[in-house]
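Notes follow once the structure below has been shown.
Chains as they are written, first to last, in full-length UniProt numbering: chain A, 1 to 423; chain B, 1 to 423.
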């Protein structure tokens, strides 16, 4: 194990090795002999001597064809039916913190339904002074808030309870996305209906056939939950709950009810199927942890990773990944090159937001030897992301939920990367 | 003129007028008589009793068909050719601050070219110690930064110099977008090449046939300029410069060179076509203001606006819009309902970021009478967005560039909205 830190120092010495330079302007990279002219520099190319696409070519654009591999992917054997299944965000190929809606993971319990704004209704009933039904237009008349938040499936990393079973950062940790939402605080709608003093729990239910329903304490509903219409600036996509979904910052994704149709106010939790037989954590003694809503601090290195190997050989290498916490802001991420023996602090870049994805990066000078890459997040509560073994020691391996253990990538000398565990 | 503020107070009294409520749970809105059952609530709908789309339906998704009107649009008579033209972001239909790449405005000088990563080269030459050529892969080995920034065409609002000529918020002010970028600071590449002491200007040039080229002072190039690969988490789209564009926070969009192929370092500005015959501001005395790179503080109400009229009649109304400044953070936005006679402070929501779009909102209780809506941005330098007439008094009307004057929307009693000017 090796690879030494080169944070903040000039990379010139190293890049000069690969970048032939001088009066003749030869090209970078190992494939070209120094001094050989590069036609991509010395000759006029087709794209520099003809017209490209006009401005009316694509009223709404899609990614360029060269990026066609950057898509959601699913694993057929994971679930019985594709209408009650999951796919995965290609986090290994993304950067920054925003997840485009087009490739943000989906989890459906009975498929993604098509529901128009005119057909949309939201009912608030139960222990309220005045039961209410809102049309979509009604909702647009309430004060709005903007909030960026991560949505993580409780089962993200769930296969890792049993060891390194899936190859690829997308499949092991890609049940997560991060978007900028705009919506009405649920608090305002509840205040409109008037919650009775005995109302202590809120039950949110979707309009799809599964009627996916989840309970949450009234305190959370009155805190930072949004009845959201927009994500990343535009309307929610169909698969993300168009026209209205619940945004429950820091809480597991199953509670972010899509195609939201009802908010019931009760004196106790509903204990629905989705919070009893599912989304509870079966412990070694046969009892279940329940109400494990808040997603604990976690991180993962997205590149290099099994789907994002090192192609360029030794020398300067950007190690980058994502960190998040359902309890607030990520305050620190450490990276290990040797399977957790030694750690160095990564740089957090961009605006660190509470309950939202944070990007970290560590720049190293890779000497070409094997690495056991790990990352470890710390949040503002002081919580430190644990190892998988530390989690298993308490929780066992019965559950597929809430595995926020440290992920290990084994980088080989040839730059390929494998999902492994270290003892 | 009227319409009174209702910021922060309960909307219950007003909404109760429109929202029939009670034991029978009748539906909201004027179209249904109070007490009449709404089948959308009382009957099981198709979408609640059948499967929706599976998770393998759309590896990369697009907006739902109901939002097909939220697209970039161009105005054919504005330019001679669609390969050297502009289209407009549908800002009237967006919310929050992020602009999806798919509907973010485009400006091309010879069309959007298709350039693959293997074919990509970036040359740094001129007054440097060591001229260099970088492949795409070389660039990915340098330290990266994340930065959200607005990109505004210098001609945004340009038709407004001659008065209210275009209908719709999209067409008057939609040459703007705001994305989260990831890239290498240009500073690091220049340091790699080694800028000679006499190098004072940087010239950036694109790989398209127009070779769109612009000069900027070395100080800016060494400050916050990014050589960017990612926008909103994913690769740049073709029309936004895939695989590499320049991000020049706060500066006019023409300088954000797409398909970036060369950075030249010189002792003076190049004075290219794009910074002499174009992108200079012709004053009344025939002289031209030049080097007017920084986009001054500006704002616009996106809804209600001509393409986003008020459908719901009087009562609670969310007035929302965008504000920005090339000089830093927006610190305040005021809204007038009476054409600038009286102003009230709007709420700024989300994270206010320097040189990035900021969302503002004002919640009012509309009495149904006519409004002359205006917004006025103030930035951290203390600069106050001027009226169009104040700008014209100094700059005349020869130019199509740098009109950051206050926009007025005339809201009629029926909720329709017109682009007008007030004396």
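The beta-carbon is built from N, C-alpha and C at its ideal position, and this holds for glycine as well. Fair warning: this is a prediction, and the values are worked out from it, not measured in the lab.
By DSSP's criteria, residue i is part of a beta bridge. Which residues make up the other side?
{"i": "residue 230/B", "result": "182/B, 235/B"}
{"i": "residue 73/B", "result": "88/B"}
{"i": "residue 133/A", "result": "123/A"}
{"i": "residue 411/B", "result": "371/B, 417/B"}
{"i": "residue 99/B", "result": "Paired residues: none, contrary to the question."}
{"i": "residue 146/B", "result": "182/B"}
{"i": "residue 216/B", "result": "202/B"}
{"i": "residue 157/A", "result": "Looking at the DSSP assignment, residue 157/A forms no beta bridge with any residue, so it has no partner."}
{"i": "residue 247/A", "result": "226/A"}
{"i": "residue 113/B", "result": "DSSP lists no partner for residue 113/B."}
{"i": "residue 189/B", "result": "DSSP, once it has assigned bridges, lists no residue as partnering residue 189/B."}
{"i": "residue 310/B", "result": "DSSP lists no partner for residue 310/B."}
{"i": "residue 266/B", "result": "201/B"}
{"i": "residue 81/A", "result": "84/A"}
{"i": "residue 294/B", "result": "251/B"}
Going by DSSP in three states, residue i sits in which element: helix, strand or coil?
{"i": "residue 39/A", "result": "helix"}
{"i": "residue 107/A", "result": "strand"}
{"i": "residue 254/A", "result": "helix"}
{"i": "residue 406/B", "result": "coil"}
{"i": "residue 93/A", "result": "helix"}
{"i": "residue 177/A", "result": "strand"}
{"i": "residue 172/B", "result": "helix"}
{"i": "residue 22/A", "result": "With a pLDDT of 33 at residue 22/A, under the threshold of 50, the modelled position of this residue cannot be trusted, and the question is left open."}
{"i": "residue 273/A", "result": "helix"}
{"i": "residue 139/B", "result": "helix"}
{"i": "residue 65/A", "result": "helix"}
{"i": "residue 31/B", "result": "With a pLDDT of 43 at residue 31/B, under the threshold of 50, the modelled position of this residue cannot be trusted; read the value that follows with caution. Note: residue 31/B maps to coil in three-state DSSP."}
{"i": "residue 317/A", "result": "strand"}
{"i": "residue 395/A", "result": "helix"}
{"i": "residue 423/B", "result": "coil"}
Measure the C-alpha to C-alpha separation of residue i and residue j and round it to an integer number of angstroms.
{"i": "residue 318/A", "j": "residue 258/B", "result": "24 Å"}
{"i": "residue 238/B", "j": "residue 305/B", "result": "30 Å"}
{"i": "residue 254/B", "j": "residue 172/B", "result": "18 Å"}
{"i": "residue 103/A", "j": "residue 389/A", "result": "32 Å"}
{"i": "residue 355/A", "j": "residue 309/A", "result": "29 Å"}
{"i": "residue 201/B", "j": "residue 219/B", "result": "8 Å"}
{"i": "residue 179/B", "j": "residue 49/A", "result": "30 Å"}
{"i": "residue 196/A", "j": "residue 270/A", "result": "17 Å"}
{"i": "residue 46/A", "j": "residue 94/A", "result": "29 Å"}
{"i": "residue 348/A", "j": "residue 393/B", "result": "47 Å"}
{"i": "residue 410/B", "j": "residue 303/B", "result": "12 Å"}
{"i": "residue 371/B", "j": "residue 81/A", "result": "54 Å"}
{"i": "residue 249/A", "j": "residue 35/A", "result": "56 Å"}
{"i": "residue 262/A", "j": "residue 207/A", "result": "8 Å"}
{"i": "residue 341/B", "j": "residue 361/B", "result": "19 Å"}
{"i": "residue 415/A", "j": "residue 364/A", "result": "14 Å"}
{"i": "residue 83/A", "j": "residue 110/A", "result": "5 Å"}
{"i": "residue 235/B", "j": "residue 85/A", "result": "27 Å"}
{"i": "residue 177/B", "j": "residue 170/B", "result": "11 Å"}
{"i": "residue 125/A", "j": "residue 231/B", "result": "42 Å"}
{"i": "residue 63/A", "j": "residue 285/A", "result": "49 Å"}
{"i": "residue 99/A", "j": "residue 233/A", "result": "12 Å"}
Considering only the alpha carbon of each residue, which of the options lies closest to residue i?
{"i": "residue 353/A", "options": "75/A, 421/A, 122/A, 147/A", "result": "147/A"}
{"i": "residue 229/B", "options": "67/A, 409/A, 285/A, 311/A", "result": "67/A"}
{"i": "residue 327/A", "options": "301/A, 320/A, 293/A", "result": "293/A"}
{"i": "residue 385/B", "options": "351/B, 335/B, 415/B", "result": "335/B"}
{"i": "residue 373/A", "options": "74/A, 344/A, 97/A", "result": "344/A"}
{"i": "residue 265/B", "options": "298/B, 289/B, 281/B, 215/B", "result": "215/B"}
{"i": "residue 188/B", "options": "320/B, 221/B, 331/B", "result": "221/B"}
{"i": "residue 108/A", "options": "209/A, 333/A, 316/A", "result": "209/A"}
{"i": "residue 112/B", "options": "320/A, 56/A, 128/A, 227/A", "result": "56/A"}
{"i": "residue 407/B", "options": "106/B, 299/B, 135/B, 225/B", "result": "299/B"}
{"i": "residue 311/B", "options": "401/A, 141/A, 275/A, 423/A", "result": "141/A"}
{"i": "residue 282/B", "options": "324/B, 122/B, 402/B", "result": "402/B"}
{"i": "residue 75/B", "options": "59/A, 158/A, 64/A", "result": "59/A"}
{"i": "residue 432/B", "options": "381/B, 338/B, 359/B, 358/B", "result": "Beyond the ends of chain B as shown, which are 1 and 423, falls residue 432/B; an answer cannot be given."}
{"i": "residue 204/A", "options": "185/A, 119/A, 246/A, 198/A", "result": "246/A"}
Residue ranges of each beta strand (DSSP E) run of no fewer than 3 residues wholly in the segment 321 to 393 of chain A, ordered along the chain?
-> Qualifying beta strand (DSSP E) stretches, in chain order: 330 to 336, 347 to 349, 358 to 366, 371 to 379.
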